[in-house]
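Chains as they are written, first to last, in this note's numbering: chain E, 1 to 216; chain Y, 217 to 432.
Note that CB positions come from ideal geometry on N, CA and C, so glycine has one too.
Heads up: the structure comes next, in structure tokens.
Protein chains: 2
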Amino acid sequence: MCTAFNEQLDSLTETLSQMCGLAGLAMERATQALLQADLASAEKVIGDHEHLARMQTDAEDAAFVLLALQAPVAADLRIIVGSMQNVADAERMGGLARHVAQIVRRRHPERPLPTEVDGYFAEMGGIAVDLGNSARDVVLSRDPERALQISRDDVAMNELHQRLLTLLREKDWPHGVASAVDVALLGRFYERFADHAVEIGRRVIFQATGKVPDDV
Amino acid sequence: MCTAFNEQLDSLTETLSQMCGLAGLAMERATQALLQADLASAEKVIGDHEHLARMQTDAEDAAFVLLALQAPVAADLRIIVGSMQNVADAERMGGLARHVAQIVRRRHPERPLPTEVDGYFAEMGGIAVDLGNSARDVVLSRDPERALQISRDDVAMNELHQRLLTLLREKDWPHGVASAVDVALLGRFYERFADHAVEIGRRVIFQATGKVPDDV
């Protein structure tokens, strides 16, 4: 039974890791859709999200069964409880990628972005992919160094987001109100994506070490 | 020990209920701050959030101890696991109220809102307070009828949010880009506030009945 338990625990961790990777992939595709006004990619991100949501439900059910039948304690209990919380963050990351894709779809065939801010979103999209991949790896490795990279990427994301808001609010934005609204909401989606990755990283490291990773 | 366990379980539920009420109160104050450009109320919302975040941590710790020491099963386990998930939603609701207050503070002494949209935010603020109070009550009563009210309020919130976005995107918004950006983000904060209340309501009713409340 103990072996079966460990296998189920590993399977839960593996599912969470996959979800983080898929969330990063979703944001990569959503960013591509955004920069190229690519409707097919946007539709793919929107359609694929159901799969991530189902993975979350299945993982929560599996975690619940482990708690109910095995009454785990100490480290195992921390991993199971943490995994239940983390799959919610990973699903939400995918949900934010879907929000990006939905804006692309609504504006199609127009581009939602004035080319002036393409660079911001290319960079934020790149960071989002790194965050998804880092979360995917940290969940498996519990490596505090890799978790620190998540915090650093989050700082970079926040800086880009703030600069974007400053551009919208303080400069003479010549692209109209509708595009400013979309750009503001899009920026918010990327920033929140990073916040959820940070939560996953912190929780995993806390589970492994009893300490939260230092802020950078 | 069984009595002590039940007391701890009740205490956890009570804390969650209080957190929902406090989140509603925070959004009530934030809305007042928004409509009246009231810096003192905004600062209070921002300062008070720390308390809600501490309640979340304490509740998560208490739930973890209950899992570790009591190895609960069936209904009790569902309540404990659900409470851990719900306190995160309640904290986030308070966090969204804080975001509203932060925009008020940043724009002070200017009003963030053109008076044209005051009505939207007065109404969204009223719904948010109802949502906080409904969540507070549902957590204690597990009353499916009251949970349905949360779903109805969420529908009303989404409608207001969509109308607000349409106003920003499609009409001839005469108040400038900076205010459009703030109004778009503010609308998003209220809409997300409602989403978290819905999550709490659904989870509580599922715990009590094994069914998710019908969508209205």
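Closer than 8 angstroms to chain Y by CB, residue i
i                            : result
leucine 77 of chain E        : yes
methionine 84 of chain E     : yes
arginine 188 of chain E      : yes
phenylalanine 206 of chain E : no
methionine 157 of chain E    : no
phenylalanine 64 of chain E  : yes
valine 104 of chain E        : no
alanine 180 of chain E       : yes
alanine 88 of chain E        : yes
valine 81 of chain E         : yes
valine 138 of chain E        : no
cysteine 2 of chain E        : no
Proximity of residue i and residue j at Cβ, strictly below 8 angstroms
i                            : j                            : result
alanine 62 of chain E        : arginine 111 of chain E      : no
isoleucine 205 of chain E    : alanine 147 of chain E       : yes
isoleucine 127 of chain E    : valine 138 of chain E        : no
glutamate 28 of chain E      : valine 129 of chain E        : yes
threonine 31 of chain E      : glycine 132 of chain E       : no
arginine 408 of chain Y      : glycine 240 of chain Y       : no
phenylalanine 280 of chain Y : valine 81 of chain E         : yes
leucine 483 of chain Y       : leucine 380 of chain Y       : Examination of residue 483 of chain Y is not possible in this model, given that chain Y is present from 217 through 432 alone.
valine 181 of chain E        : arginine 385 of chain Y      : yes
glycine 310 of chain Y       : leucine 383 of chain Y       : no
leucine 312 of chain Y       : phenylalanine 405 of chain Y : yes
alanine 317 of chain Y       : valine 261 of chain Y        : yes
arginine 105 of chain E      : leucine 39 of chain E        : yes
serine 83 of chain E         : leucine 185 of chain E       : no
histidine 117 of chain E     : valine 393 of chain Y        : The question names histidine, yet the displayed sequence has valine at residue 117 of chain E. No. Outside cutoff.
arginine 358 of chain Y      : alanine 410 of chain Y       : no
threonine 219 of chain Y     : leucine 356 of chain Y       : no
glutamate 339 of chain Y     : leucine 376 of chain Y       : yes
leucine 293 of chain Y       : leucine 67 of chain E        : yes
glutamine 301 of chain Y     : arginine 419 of chain Y      : yes
is_contact[residue i, chain E] using C-beta, thresh 8 angstroms
i                       : result
leucine 383 of chain Y  : no
arginine 379 of chain Y : no
alanine 284 of chain Y  : yes
alanine 317 of chain Y  : no
leucine 376 of chain Y  : no
alanine 287 of chain Y  : yes
alanine 400 of chain Y  : yes
valine 261 of chain Y   : no
valine 393 of chain Y   : yes
Buried versus exposed call for residue i [16 or more other C-beta atoms within 10 Å across all chains shown]
i                        : result
cysteine 20 of chain E   : buried
aspartate 285 of chain E : This structure gives no information on residue 285 of chain E, because the portion of chain E shown stretches from 1 to 216.
serine 49 of chain E     : Serine is not the amino acid found at residue 49 of chain E; the sequence shown has histidine there. Buried.
valine 183 of chain E    : buried
glycine 403 of chain Y   : buried
glutamine 272 of chain Y : buried
serine 227 of chain Y    : exposed
proline 72 of chain E    : buried
glycine 210 of chain E   : exposed
glutamate 7 of chain E   : exposed
histidine 412 of chain Y : buried
histidine 99 of chain E  : buried
glutamate 54 of chain E  : Before going further, note that residue 54 of chain E is arginine rather than glutamate in the sequence given. Exposed is the call here.
threonine 331 of chain Y : exposed
alanine 74 of chain E    : exposed
glutamate 145 of chain E : exposed
Coarse secondary structure for residue i, derived from DSSP in three states
i                        : result
glutamate 123 of chain E : helix
leucine 113 of chain E   : coil
alanine 290 of chain Y   : helix
arginine 321 of chain Y  : helix
lysine 44 of chain E     : helix
arginine 142 of chain E  : coil
histidine 412 of chain Y : helix
glycine 240 of chain Y   : helix
histidine 267 of chain Y : helix
aspartate 254 of chain Y : coil
glycine 392 of chain Y   : coil
glycine 417 of chain Y   : helix
glycine 95 of chain E    : helix
glycine 210 of chain E   : coil
Contact test: residue i Cβ vs the ligand MG heavy atom, cutoff 7 angstroms
i                      : result
glycine 125 of chain E : The model on display carries no ligand, and the ligand MG is accordingly not part of it.
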